[in-house]
Amino acid sequence: MARVDQRILAADSWFVRLTRWAPLLTVLLLVVPVMVGVAGVTAPAFGWLPALGGESLSLAPWVALWHTPGLGEMITMSLSTGLISTAVALVIVILFLGAFADSAAFVWLKRLLSPLLAVPHAAAAIGLAFLLAPSGLAMRLVSPGLSGQKVPPDYLFPGDPHGIALIAGLVVKEVPFLLLMSLAALPQCQAHHRRHLALSLGYSPVTAFLKGVLPSLYPLIRLPVYAVIAFASSNVDVAMILGPSTPPPLAVSVVRWLGDPDLSMRFMASAAALTQLAVTLMALGIWWCIEHAIRLLATPCLTDGQRHLGQRLGVVLGGGLTWLSAGLLCASLLGLVLWSLAAYWPFPASWPTPLTLANWRAALPGLLPAAGTTLALAVAATLLSTILVVGCLESESLHQRSMGKGATLVLYLPLLVPPVAFLYGLVQLQAQLFLMPGFVLVVVGHSLFVLPYVFLSLAESYRRLDPRWSQVAASLGKSHASIFLRVRLPLLLAPMATAMAVGLAVSIGQYLPTLLLGAGRLTTLTTEAVSLASGGDRRLTAIYALAQLALPAIGFALAIGLPRLLHRRRRALLT
Amino acid sequence: MPELRDTAGTSRRPLIFDGVSISLQETPLVSLSARIDAGEVVSVMGPSGVGKSTLLAFAAGFLAPAFHASGDVRLGDQSITSLPTSARRLGLLFQDALLFPHLSVAGNLAFGMPPSRHRRQRREVIDQALSDIGLEGFGERDPATLSGGQRARVALMRTLLSRPQAMLLDEPFSKLDATLRQEMRELVFGRIREYGLPALLVTHDRADAEAAAGPIIELSSASTGQTTSTWRSAQHARR
């Protein structure tokens, strides 16, 4: 018996040691690149970049930036599109949750949520551009019958000077994300009971939600909201496709200046990247002020006894806009399919004739290698992230200690700091840090964004798993490693598969890390789709956007199907 | 059933709680000193919240780090207090059967059996065990398709097949309906005696403790918040 004990102890020790390292490695992976990156962009912003002859500190880059025409507009554009799109998305989500909780529509939308989330930003943006452009599907459907137009009307979309197209594109992608985060948080604030209590006191559903649930829900989704603001105020790919071009939002300009053949532009670009960081912080600051003002003003309303506040508005706006954004997204995808199959599609025709696969056949030689690179990057980043996340969660359950608030902030760090600011700093330091641009570095870059999402999507299920499963298995003589492999892993197969599908989708959608850390040498579906979108070939662009969309969709299909197949004879696991 | 009898032969050591005392943030919760002989069931009773299950978690080796415990748990003269759960070889039964939903009934039984290369022999032991609890031919079934009573019996058999040195029972009958409950009590206590295992039963149902026919320890919250254990029966003096 003594020998058996030794073996169990030995098996335990390597597994326990492994899980002990996971939290540390995770923190290092998330914090170090961001910190180093910000440092790497700060030095050249003040003239220090020996490789390019900058060996003294100066404010010259800032002066140059200051004299750039349109800087003010760029900053305003970043701030306004970031804040407005977040506000619109949040209002839609809140009103929808208030008006339709527990309804049939709610159940339906919940089912649509994962696939909608899986749509990469660039694909959604391209789809939206094709749908709403003057010669897009929407205008074709009403022409010439309703609109009387025989030639495409003259309006600027995408790329309108006020950024409305950009805001629409951001909202369409942010609504599913905020909805998902809210749904995960609702049980934590006993939303169900509170709603019923308020309804029984005579409150209308929307008012019951606004006054009874929202005050506790908002603090739980605050970080995701901040992440949305940070993304919206600093994103590059959506802005390149839908945003105005003269001048574009700041982040797009930063990327342009970074890619400028004139290397001395790098100094100014660094200053601009730091400015982007400040702009995002400013956007967060403005939001924080508005948040507090609303709380101050709304607190007395909570107890004023008014029971029907916002009810009609909630039903009309919340319902209408949610379905509008879901509908826009679906219609965009349909448009992409049509464009990819169109041989000849002159303006007011709403259906291309004939349909042909020739576009696909012609695109295939370029499409396949790009898809291969995309998939390889996504699988590597997802595996790395999942292993670290599972290690963290496993260590949490082994030591029966939950993570602190600081750890949550660390998870959100890469989502809160504008990628354009720290990724460029990393590129800057590549030579000094002996980092070879290429596959490995891009995988690490993707993991910065994949890991937080994998964590957010897996943590809830992992922590909810009944600890008695492990206790029973341990009492039957199983080591920690064996319990993990033979009990916890099979029981968590479904959420684990979903988390990995989310990870794949996030990695597939990455544009900037691939571009900057891969030194332009790695071609993925996303980098191709984004660069094609600015060209004129709608058919090829549609094909790349669809391929970019198909990969995560396949991932989600597998994530749903595989656990069901493996557990087909185990009823308790088929929920 | 060769393997089962083997189990009965090896374990004749008493389970001893030597000055065990558990506190939460300086507040003493529960303390116990007891010697449980082979084949004997000691029942720990008390209202919910006095720390019965905490005591069990300490004995089994998965007490949450928030608690502070002192004292020693021994099997005969071997201290198991610092061993991990997996090395203690204490069989656990909870309120729920907790049959692993991803394994078949036979898979659940095999899960706890000591490893051996003789697949056919394992198979035979499992078949024998199943017919022993009146579930002949249930091996390939999905545990989710079993009735509550059937699940409870499989859970008991899974524990016994792992050749435990002692049993820890955490309200194992409380979720069964009345008719099943009596039947399961007889089965569980009968097997414990047959295998000669010392057992600690935690319950709030007096009928459980009486059916166990062993000493009963009452845990009660004293005014100081401290829980004291009192022997209600005279069995202690017997030793």
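These protein sequence lines map, in sequence, to chains U and Y. Its first residue numbered 1184, the first sequence is counted upward by one per residue in this note's numbering. Its first residue numbered 727, the second sequence is counted upward by one per residue in this note's numbering. We put the CB at the ideal spot given by N, CA and C, even for glycine.
| Asked | Found |
| --- | --- |
| Hey, M1448(U) and V1435(U): beta-carbon distance below 7 Å or not? | no |
| List, in chain order, every chain Y residue whose beta-carbon is nearer than 8 Å to that of W1652(U). | L824, F826 |
| Kindly provide the ranges of any alpha helix (DSSP H) runs that are 4 or more residues long and lie completely inside the region 1258 to 1331 of chain U, ordered along the chain. | 1287 to 1301, 1304 to 1315, 1320 to 1324 |
| Pull the bridge partners of F1667(U) from the DSSP assignment, please. | Paired residues: none, contrary to the question. |
| What is the DSSP secondary structure of T1707(U), counted as helix, strand or coil? | coil |
| Measure the alpha-carbon distance for W1197(U) versus G787(Y) and round it to whole angstroms. | 19 Å |
| Identify each residue in the region 798 to 821 of chain Y for which the Cβ-Cβ distance to at least one residue of chain U is less than 8 Å, and report them in chain order. | L809, P810, T811, S812, A813, R814, R815, L816, G817, L818, F820 |
| The alpha helix (DSSP H) that contains S1436(U), what's its start and end? | 1433 to 1441 |
| Do you know offhand how far L1299(U)'s Cα is from F864(Y)'s? | 44 Å |
| Is G1503(U) buried or exposed, if buried means 16 or more other CB atoms sit within 10 Å of its CB? | exposed |
| Output the distance between the C-alpha atoms of A1374(U) and L1496(U), rounded to the nearest integer angstrom. | 21 Å |
| Which residues in chain Y have a C-beta closer than 8 Å to the C-beta of S1578(U)? List them in chain order. | What S1578(U) touches in chain Y: nothing, since even the nearest Cβ is about 13 Å away. |
| Out of curiosity, what's the CA-to-CA distance linking R1721(U) and A1657(U)? | 59 Å |
| How about L1240(U) and G1230(U): are their beta carbons less than 7 Å apart? | yes |
| Going by alpha carbons, who is nearest to L829(Y) out of R867(Y), T811(Y), H794(Y), A813(Y)? | R867(Y) |
| Listed in chain order, which residues of the region 857 to 876 of chain Y have Cβ atoms closer than 8 Å to some Cβ of chain U? | D868, P869, A870, T871 |
| Are the CB atoms of A1736(U) and A1301(U) within a distance shorter than 7 Å? | yes |
| Any idea if H1345(U) is buried or exposed, counting beta-carbon neighbours within 10 angstroms, 16 or more meaning buried? | exposed |
| Could you check the C-alpha separation between L887(Y) and L835(Y) for me, to the nearest Å? | 7 Å |
| Please report the residue range of the alpha helix (DSSP H) in which V1462(U) lies. | 1448 to 1485 |
| Look at L1425(U) and L1349(U) and say whether their C-beta atoms are less than 7 Å apart. | yes |
| Any residues in the region 1666 to 1682 of chain U with a beta carbon nearer than 7 Å to a beta carbon of chain B? Which ones, in chain order? | Structure shown: chain B not included; protein chains present are U and Y. |
| Shortest alpha-carbon distance to S779(Y) belongs to which of E897(Y), P791(Y), Q854(Y)? | E897(Y) |
| Using the beta-carbon of each residue, which ones in chain Y are nearer than 8 Å to A1755(U)? | P827, D868, P869, A870 |
| Which residues in chain U have a C-beta closer than 9 Å to the C-beta of A790(Y)? List them in chain order. | Q1583 |
| Go to L741(Y), then tell me how far its beta strand (DSSP E) extends in each direction, as first and last residue. | 741 to 750 |
| Taking only beta-carbon positions, decide if S1759(U) is within less than 7 Å of chain Y. | Since the first and last residues shown for chain U are 1184 and 1758, residue 1759(U) lies out of range. |
| Measure the CB-CB distance between L1314(U) and S1515(U) and report whether it falls below 7 Å. | yes |
| With a threshold of 7 Å between beta carbons, is S888(Y) in contact with chain U? | yes |
| Answer yes or no: do R919(Y) and G817(Y) have a C-beta to C-beta separation smaller than 7 Å? | no |
| Within 10 angstroms of the Cβ of Q1760(U), are there 16 or more other Cβ atoms? Answer buried if so, exposed if not. | This structure gives no information on residue 1760(U), because the portion of chain U shown stretches from 1184 to 1758. |
| Spatial neighbours of H1629(U) within its chain, please: C-beta separation below 7 Å, excluding the five flanking residues on both sides. | L1560, A1564, S1690, Q1693, P1696 |
| Less than 7 Å between CB atoms is the rule here; does L895(Y) satisfy it with respect to chain U? | no |
| Just how far apart, CA to CA, sit P841(Y) and F793(Y)? | 34 Å |
| Is it a yes or a no for the region 1453 to 1472 of chain U touching the region 1217 to 1227 of chain U, going by three-plus beta-carbon pairs under 8 Å? | yes |
| Taking 7 Å as the cut-off, decide whether the C-beta atoms of Q1731(U) and A1716(U) are in contact. | no |
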